[in-house]
Amino acid sequence: MAEIVISDLEVGYIELAEAVMSWGKTVSPRGMETKEIRDMTVILRDPQRAFPIMTGRNAREGIAAAEAMQLLGGISDLQQLKSVAKTFGMFSDDGLTLRGAYGPRVYSQVQNVVKSLTLDKDSRQAAAVIWRPDEISGASRDVPCTVYLSWNIRNGALNAKTHMRSNDLWLGVPYDFFAFTRLQYAIASALDLPVGEYVHHVDSFHLYATDFEKVARLAVDSNTFRPTPLPWLSARAAASQEQPLVTYNETDSADFAVSYDYESLKVITASNTFTRMDQDPISSVTRITNLQTTAVKLARGQYPLPAAEPDDAYRAERWFAEALAPHVTEGRLCDTCRYVLPPWCFEYRSGPCRRCK
Ligand SMILES: [Zn+2]
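Heads up: the sequence shown begins at 20 in the numbering used here, then just goes up one per residue.
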């Protein structure tokens, strides 16, 4: 059991690596040697600085942006992840989707979390569960590493906590800290609160023996610092009245018969949007919904960037748009299961996702 307080992950990542190398005990799950700290708690004082940019880790912004936007948007787009790093394909059972993807699992829960914290600012019930009871059946290649997420408001700021059963320092930590703190910022933005601290608790915090040498080469390098602040989804995006999210690409309409259900969906979505416009000020739940919609659009390359405004919000949106621009896929988002199906998938052409009918 260990607890480490770091001010940021930009440099603090090295402290975490040193901790695993010095305190970790050797265990070999599935026959692969690791050093492991059991019950590791990392307290991150400044959740804005949650990407190890000054350590020589060379974590990829494309992966960070895609995972963060898919988590916030509540979607899973395997093709986009594969376009950033082919290895994501190894975790798919059907070549199309990732069963354990966090986005679809937390999408509606996040809206309830915001509602709960709006109604009772001292609430202890703001939690979202990712793990499911049938997870350890052994039937999937993609078993979620995260069990649950929780949030609370104390001293007027929004704290966040992630509980993972397992976390790999080399491959997982850089992207997990980034994604979960972006979600923290989105929820804080919806509640119009500042961000407090981020707590990351892991049952098995580990490093594979194959990465020991890489970790030994990590060193603080301030030359790799980016002059712009690391981004979060802006309050402006949360407040903006977005057009309803179009589930299917307009350009595809010639290729398949537009179903009655699809037309109904458009009417319902449009009327929901107009209802929201009557609310002034807009509710926190509407704000988080708008942020989720913005995240989907950013992930899919459909978010129009505003004219140049050199403020933090503009830089944040720009950062994500640039990181994701080479990794946009043309799949179709199913509104029910929230998986993005690629054009070469049979279900892509048959209207709403068949699995959900
Ligand atoms: Zn579906």
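All C-beta atoms, glycine included, are put in the ideal place defined by N, C-alpha and C.
Same chain only: Cβ atoms within 7 angstroms of residue i, ignoring 5 sequence neighbours per side
| i | result |
| --- | --- |
| H346 | G81, A85, Q99, S102, V103 |
| D65 | S26, D27 |
Span separating the alpha-carbon of residue i from that of residue j
| i | j | result |
| --- | --- | --- |
| M183 | R236 | 27 angstroms |
| A198 | E341 | 17 angstroms |
| T148 | V234 | Before going on, a small fix: residue 148 reads as Val here, not Thr. Taking the straight line joining both Cα atoms gives about 32 angstroms. |
| A38 | Q67 | 22 angstroms |
| S303 | A332 | 19 angstroms |
| Q130 | F339 | 22 angstroms |
| V315 | Q89 | 7 angstroms |
| Y217 | A207 | 12 angstroms |
| T312 | D195 | 21 angstroms |
| T243 | D27 | 15 angstroms |
| R49 | G350 | 35 angstroms |
| F365 | R118 | 18 angstroms |
| S128 | K134 | Residue identity differs from the one stated: residue 128 is Gln in this sequence, not Ser. Roughly 10 angstroms between the two C-alpha positions. |
| D297 | S223 | Any reading at D297 must be qualified, since the residue scores a pLDDT of 45, below 50, and its modelled position is unreliable; no value is offered. |
| L317 | G92 | 9 angstroms |
| R368 | Y322 | 25 angstroms |
| F231 | S41 | 11 angstroms |
| A83 | P193 | 8 angstroms |
| D139 | L63 | 25 angstroms |
| D153 | F70 | 33 angstroms |
| D330 | I155 | 46 angstroms |
| T308 | S142 | 21 angstroms |
| W363 | K105 | 18 angstroms |
| V46 | T348 | 39 angstroms |
| N77 | L168 | 27 angstroms |
Contact check, residue i vs residue j, beta carbons under 8 angstroms
| i | j | result |
| --- | --- | --- |
| Q361 | L136 | The question names Gln, but residue 361 is Pro in the sequence shown. Cβ atoms of P361 and L136: not closer than 8 angstroms. |
| V221 | N178 | no |
| L226 | K44 | no |
| W150 | V125 | no |
| V162 | A145 | no |
| S95 | Y358 | yes |
| R255 | A87 | no |
| G320 | L352 | no |
| A228 | L310 | no |
Given residue i as reference, the closest of the options once Cα atoms are compared
| i | options | result |
| --- | --- | --- |
| L190 | I206, S241, R79, Q144 | R79 |
| T60 | V24, M40, G50 | V24 |
| R57 | L28, M20, G93, R124 | M20 |
| L324 | A318, T312, R337 | R337 |
| L35 | A238, R357, T229 | A238 |
| T355 | R368, C375, W363 | C375 |
| L97 | M73, I72, P123 | P123 |
| E29 | S241, E366, R118 | S241 |
| G215 | R143, A318, R173 | R173 |
| M73 | G31, T106, G50, D65 | G31 |
| G75 | P152, I33, Y204, A228 | I33 |
| D113 | N77, R143, A158 | A158 |
| C164 | L188, W363, E52, R143 | L188 |
Cβ shell of residue i (< 6 angstroms), same chain only, five flanking positions each side left out
| i | result |
| --- | --- |
| R306 | A209, A257 |
| A335 | P250, W251, S253 |
| Y121 | L90, I149 |
| F107 | L100, K101 |
| H219 | V61, T181 |
| E52 | A228 |
Residues near residue i by beta carbon distance below 8 angstroms, same chain, minus five either side
| i | result |
| --- | --- |
| M109 | R160 |
| L212 | I172, G175, A176, L177 |
| W170 | V132, L136, A145, A146, L177, N178, A179, K180, Q203, I206 |
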